[in-house]
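>
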Amino acid sequence: MVLVAIFSETGFFDYCAVKAYRFSRGKVWAMITLLCLIAAILSAFLDNVTTMMLFTPVTIRLCEVLNLDPRHVLIAEVIFTNIGGAATAVGDPPNVIIVSKQELRKKGLDFAAFTGHMFVGICLVVLVSFPFLRLLYWNKKLYNKEPSEIVELKHEIYVWRLTAQRINPASREETAVKCLLMQKVLTLEMLLRKKLRTFHRQISQEDKNWETNIQELQKKHRITDKILLIKCLSVLGCVILMFFLNSFVPGIYLDLGWIAMLGAIWLLVLADIHDFEIILNRVEWATLLFFAALFVLMEALAHLHLIDYIGEQTALLIKVVPEDQRLAVAIILVLWVSALASSVIDNIPFTATMIPVLLNLSKDPDVNLPMKPLIFSLAMGACLGG
Numbered sequence: 001m002v003l004v005a006i007f008s009e010t011g012f013f014d015y016c017a018v019k020a021y022r023f024s025r026g027k028v029w030a031m032i033t034l035l036c037l038i039a040a041i042l043s044a045f046l047d048n049v050t051t052m053m054l055f056t057p058v059t060i061r062l063c064e065v066l067n068l069d070p071r072h073v074l075i076a077e078v079i080f081t082n083i084g085g086a087a088t089a090v091g092d093p094p095n096v097i098i099v100s101k102q103e104l105r106k107k108g109l110d111f112a113a114f115t116g117h118m119f120v121g122i123c124l125v126v127l128v129s130f131p132f133l134r135l136l137y138w139n140k141k142l143y144n145k146e147p148s149e150i151v152e153l154k155h156e157i158y159v160w161r162l163t164a165q166r167i168n169p170a171s172r173e174e175t176a177v178k179c180l181l182m183q184k185v186l187t188l189e190m191l192l193r194k195k196l197r198t199f200h201r202q203i204s205q206e207d208k209n210w211e212t213n214i215q216e217l218q219k220k221h222r223i224t225d226k227i228l229l230i231k232c233l234s235v236l237g238c239v240i241l242m243f244f245l246n247s248f249v250p251g252i253y254l255d256l257g258w259i260a261m262l263g264a265i266w267l268l269v270l271a272d273i274h275d276f277e278i279i280l281n282r283v284e285w286a287t288l289l290f291f292a293a294l295f296v297l298m299e300a301l302a303h304l305h306l307i308d309y310i311g312e313q314t315a316l317l318i319k320v321v322p323e324d325q326r327l328a329v330a331i332i333l334v335l336w337v338s339a340l341a342s343s344v345i346d347n348i349p350f351t352a353t354m355i356p357v358l359l360n361l362s363k364d365p366d367v368n369l370p371m372k373p374l375i376f377s378l379a380m381g382a383c384l385g386g
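When we follow full-length UniProt numbering, the leftmost residue of the sequence shown carries the number 1, and every step to the right adds one.
1. Just curious, the alpha helix (DSSP H) that residue 69 is in, first and last residue?
2. Can you check which of these residues, 19, 105 and 122, is closest to residue 44 by C-alpha distance?
3. Please classify residue 204: is it buried, with 16 or more other beta-carbons within 10 angstroms of its beta-carbon, or exposed?
4. Please work out which residues of its chain come closer than 7 angstroms, Cβ to Cβ, to residue 74, disregarding the five sequence neighbours upstream and downstream, and give them in chain order.
5. From this set, 6, 160 and 38, which residue's C-alpha is nearest residue 18's C-alpha?
6. So the candidates are 157, 161 and 35; which of them puts its Cα closest to the Cα of residue 130?
7. In angstroms, rounded to a whole number, what distance separates the CA positions of residue 27 and residue 135?
8. Are the CB atoms of residue 5 and residue 331 within a distance shorter than 8 angstroms?
9. With DSSP run on the structure shown, which of helix, strand or coil describes residue 158?
10. Can you say whether residue 377 is buried or exposed, counting buried as having 16 or more other CB atoms within 10 angstroms of its CB?
11. Apply the 10 Å Cβ neighbour rule to residue 61 and answer buried if 16 or more other Cβ atoms are within range, or exposed otherwise.
12. Output the residue ranges of the beta strand (DSSP E) runs that lie fully inside the segment 285-373 and measure 3 residues or longer, sorted by chain position.
13. Count Cβ pairs between the segment 357-375 and the segment 90-110 that sit closer than 8 angstroms; are there 3 or more?
14. Grab the span of the alpha helix (DSSP H) containing residue 94 for me, first residue to last.
15. Would you be able to state if there are at least three C-beta pairs under 8 angstroms between the segment 342-351 and the segment 313-327?
16. Take the Cβ of residue 265 as the centre, count every other Cβ of all protein chains shown within 10 Å, and call the residue buried at 16 or more, exposed below.
17. Which residue wins for smallest C-alpha separation from residue 20, given the options 11, 171, 31 and 10?
18. Give the straight-line distance between the Cα atoms of residue 337 and residue 386, rounded to the nearest whole angstrom.
19. For residue 12, collect the residues of the same chain with a Cβ closer than 8 angstroms to its Cβ; drop the 5 residues on either side in sequence, then sort them by chain order.
20. To the nearest angstrom, how far is the alpha carbon of residue 98 from that of residue 112?
21. Tell me which residues share the same chain as residue 115 and place their Cβ nearer than 7 angstroms to its Cβ, disregarding the 5 neighbours each side in the sequence.
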């Protein structure tokens, strides 16, 4: 969180969004595709919520330029941010909980192994998601129904017509005033028809003023501190490299948490932050306290044997299935139960609860199921469902 907080001071996220608009050359779907891909890639290594908070202002500005409804674009970005966060072991809190489990790491499910398997699966999810997104949002749904100037013009016509209707001509002067008001209404209606025709033509064409728009956007949304950006990219690259080396080099006796903490301290020293309170305010302390309390709760539930009971019931359900179909049914069951449960309750406590259940299930000689496919199903369902 500290790394992302300092990273956000460079203006890098705004810069990426403007570059997406430039490469798309004003084409709506090309821009949406690039924005979603950038959001997914960044979310694979950074916090999902922070990524969306930083992407939202510049996305709304791009939608204003293209006369798009920002709600649809933001929803698409949220979907792909969620998908991208599931690709690595540090992209989503459920993945962090899984990789941080010592018992899983002893069985070979470390950072590199987890990321390697999940990355392939998430790439397939991305390839399937884009056609579904294209079917969900037709062009006519992406654009605002009417620009603000047309809405204001319609309101003006309504006011003039209402004023004319309230005049009951009892004299020549009142009749003349009413005629003038109705003439004003007719003039505004002709102007409205012209604006509507122009608007409908613009919808069917790509943005021809994209070069002018990009110059305006580049003035407002640019890299504010290039030196700090280089420092952030260097430290973040070293941290990610250490994550992978930790899986292959036995001489590194550091957990993922210590590697991230050392990277944050290193970046704080390099960045030379004068107002440290601004960085601390961007850290989600409530989330950190929630994690701490959650781990205490899970240990208490383990002592009460509640997790063992859930595991026994799940094992009994899987034992009913024939042995040759047991693994496929278990994977589908874990995947969909995780996805549906995480869409209703928070995926963090659900993941923390299900890890011991799946471990006990894999140890049961009567079930005889491998551990890794079940864990990957849990991660996929919890991340995408949440």
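Note that the Cβ used here is the ideal one computed from N, Cα and C, for glycine as well.
Short version:
1. It is not in any alpha helix (DSSP H) - residue 69 carries neither H nor E in the DSSP assignment.
2. Across the set 19, 105 and 122, the C-alpha of 122 shows the shortest separation from the C-alpha of residue 44.
3. Bear in mind that the predicted position of residue 204 carries a pLDDT of just 48, short of 50, making it too unreliable to give a figure here.
4. Here the set comprises 56 and 59.
5. Measuring from the Cα of residue 18, the nearest candidate turns out to be 38.
6. Comparing C-alpha distances from residue 130 to each of 157, 161 and 35 shows the shortest one belongs to 35.
7. Their Cα atoms are separated by approximately 17 angstroms.
8. Contact flag unset, no.
9. Note: residue 158 maps to helix in three-state DSSP.
10. By the neighbour-count rule (16 or more Cβ atoms within 10 Å), residue 377 is buried.
11. Counting Cβ neighbours within 10 Å, residue 61 comes out buried, since at least 16 surround it.
12. The qualifying runs do not exist here; there are none.
13. Contact holds: three or more Cβ-Cβ distances are below 8 angstroms.
14. 93-100 is the span of the alpha helix (DSSP H), which, as asked, contains residue 94.
15. With a cut-off of 8 angstroms, the segment 342-351 and the segment 313-327 do not count as touching, because too few Cβ pairs lie within range.
16. Exposure of residue 265 is indicated by the presence of fewer than 16 other C-beta atoms within 10 angstroms of its C-beta.
17. Between residue 20 and the set 11, 171, 31 and 10, the nearest pair of CA atoms involves 31.
18. Going from the Cα of residue 337 to the Cα of residue 386 covers about 12 angstroms.
19. Excluding sequence neighbours, residue 12 sits near 223, 229 and 232.
20. When the Cα atoms are used, residue 98 and residue 112 turn out to be separated by approximately 13 angstroms.
21. Excluding residues within five positions, the ones whose Cβ falls inside 7 angstroms are 88 and 89.
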